[in-house]
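Please read the structure below before turning to the comments.
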Amino acid sequence: MEEKRFRIDGIDGSSIHIMMYRGEDSPIGIVHLLHGMAEHCERYRHFASYLVSNGYVVYTHDHRKHGKSIAKGQTIGIFDKKDTFSNVIEDVRIVQDFIKNREKGLELILLGHSMGSLICRRYLQEHGAYVSKAIIMGTMAAQPLLLKVAIISGKIVRLFSSKGSRSAFLNKLVVGGFNLQFEPTRTECDWLSRDNSQVDKYLSDELCGYSYSATFYINLFKEVMISQVKANIKKTPQIPLLFVSGASDPVGFNSEGVKKVVNLYEAFGYGENVSLKLFDGCRHEILNEINKEEVYYYILDWIKNH
Numbered sequence: 000m001e002e003k004r005f006r007i008d009g010i011d012g013s014s015i016h017i018m019m020y021r022g023e024d025s026p027i028g029i030v031h032l033l034h035g036m037a038e039h040c041e042r043y044r045h046f047a048s049y050l051v052s053n054g055y056v057v058y059t060h061d062h063r064k065h066g067k068s069i070a071k072g073q074t075i076g077i078f079d080k081k082d083t084f085s086n087v088i089e090d091v092r093i094v095q096d097f098i099k100n101r102e103k104g105l106e107l108i109l110l111g112h113s114m115g116s117l118i119c120r121r122y123l124q125e126h127g128a129y130v131s132k133a134i135i136m137g138t139m140a141a142q143p144l145l146l147k148v149a150i151i152s153g154k155i156v157r158l159f160s161s162k163g164s165r166s167a168f169l170n171k172l173v174v175g176g177f178n179l180q181f182e183p184t185r186t187e188c189d190w191l192s193r194d195n196s197q198v199d200k201y202l203s204d205e206l207c208g209y210s211y212s213a214t215f216y217i218n219l220f221k222e223v224m225i226s227q228v229k230a231n232i233k234k235t236p237q238i239p240l241l242f243v244s245g246a247s248d249p250v251g252f253n254s255e256g257v258k259k260v261v262n263l264y265e266a267f268g269y270g271e272n273v274s275l276k277l278f279d280g281c282r283h284e285i286l287n288e289i290n291k292e293e294v295y296y297y298i299l300d301w302i303k304n305h
């Protein structure tokens, strides 16, 4: 498998790091992967290798202020006023322009995990013409009242925070309760996967597991709300959409949040194009679960048959 790294400018000159994985034969399609919170694109290498072995060329990039998408003088996870989710979404468009210029005539499948699933949903609402089908993995549902309180809390925290500081309080607000259903726990990240080796890799990875600046959390809370506005959902193109999660994923409220989002899409006219798959026992990172081969096969089969 050939691996290449690229670096391009994002929407406002931000530095975007891209990984490409390619086999020896001409690819039959493109898969573009969007990673989640407090992680980076190179964690998807194993899954990318599986897709490449089945004929696809895979691209994945680090979102701004994540992984290796850090310009001189910047710090991982520290978002400032220009680092809006609108700009994160525009970065995806620029990356896809780059991909399309390199891979002419191939269909593009977009896969977003966790925060990446939110970015995927919003991207489809703004730039859906780029994408032939999409996989929305480990997604979350909006709870408007709680999110409004969280936004107010975030603004208060930001008011009293020094520039460039991280908010442990807001991080705990987001992820602090995810481990509770798995007690007694071995680590603070047991909610990610039943595979202890994968959890340990995450914990030892210096590009994972950090908290962000208050501005990031405020923008995240707003984007979750925006993603479920009817007018925005209805901008999504009528393409095949696979919602896939672990049935025991606390981010998706143990399936209930994922079902809520799927029900919204079905209610707004996407019923024929929406598929839902919940993997029993799986937690948040289904690509790193003890039955990941089953997950890989299901996703590949869905791509080939939709």
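Counted from 1, the sequence shown has number 212 at position 213 by numbering that gives the first Met the number 0; the numbering is strictly sequential. Where is the CB? At the ideal position from N, CA and C, for every residue including glycine.
Residue i in three-state terms, based on DSSP
i	result
Ser68	coil
Val56	strand
Ile108	strand
Ser244	strand
Gly270	helix
Val51	helix
Leu219	helix
Lys103	coil
Residue i versus the options, residue with shortest Cα-Cα distance
i	options	result
Arg4	Ser212, Glu125, Arg157 and Val57	Val57
Asn287	Phe252, Asp8 and Ser244	Ser244
Gly251	Ser113, Lys233 and Asp199	Ser113
Leu277	Val174, Asp248 and Met36	Asp248
Asn218	His305, Ala149, Gly111 and Val261	Ala149
Ser226	Gly28, Ser25 and Gln124	Gln124
Tyr122	Phe97, Glu89 and Lys132	Glu89
Lys71	Asp96, Met36, Val51 and Ile15	Ile15
Ala133	Tyr20, Ile27 and Pro236	Pro236
Phe97	Thr59, Lys67 and Pro183	Thr59
Tyr295	Val174, Ser52 and Met18	Ser52
Beta bridge counterpart(s) of residue i as assigned by DSSP
i	result
Thr45	The displayed chain sequence assigns His, not Thr, to residue 45. For His45, which the question treats as bridged, DSSP gives no partner whatsoever.
His305	In the DSSP output, where bridge partners are listed per residue, His305 has none listed.
Ser14	Asp8
Gly28	Tyr55
Neighbourhood of residue i by C-beta, 6 Å cutoff - its chain only, sequence neighbours within 5 removed
i	result
Ser274	Leu241
Lys233	Phe267
Arg92	His126
Gln197	Asn287
Leu33	Gly111, Gly115, Ile118 and Cys119
Ile289	Arg193 and Asp194
Contact set for residue i: own chain, Cβ-Cβ below 8 Å, skip 5 residues either direction
i	result
Asn86	Gly9, Ile10, Asp11, Ser13 and Arg63
Glu265	Val273
Cys188	Asn178, Val198, Tyr201, Leu202 and Gly208
Residues near residue i in its chain [Cβ-Cβ closer than 7 Å; skip 5 each side]
i	result
Trp190	Phe177, Asn178, Phe181, Pro249, Arg282 and His283
Ala213	Gly153, Val156, Arg157, Ser160, Ser166 and Leu169
*In the region 110-174, which residue ranges form an unbroken alpha helix (DSSP H) of at least 4 residues, counting only runs that do not cross its ends?*
Qualifying alpha helix (DSSP H) stretches, in chain order: 114-126, 143-158 and 167-174.
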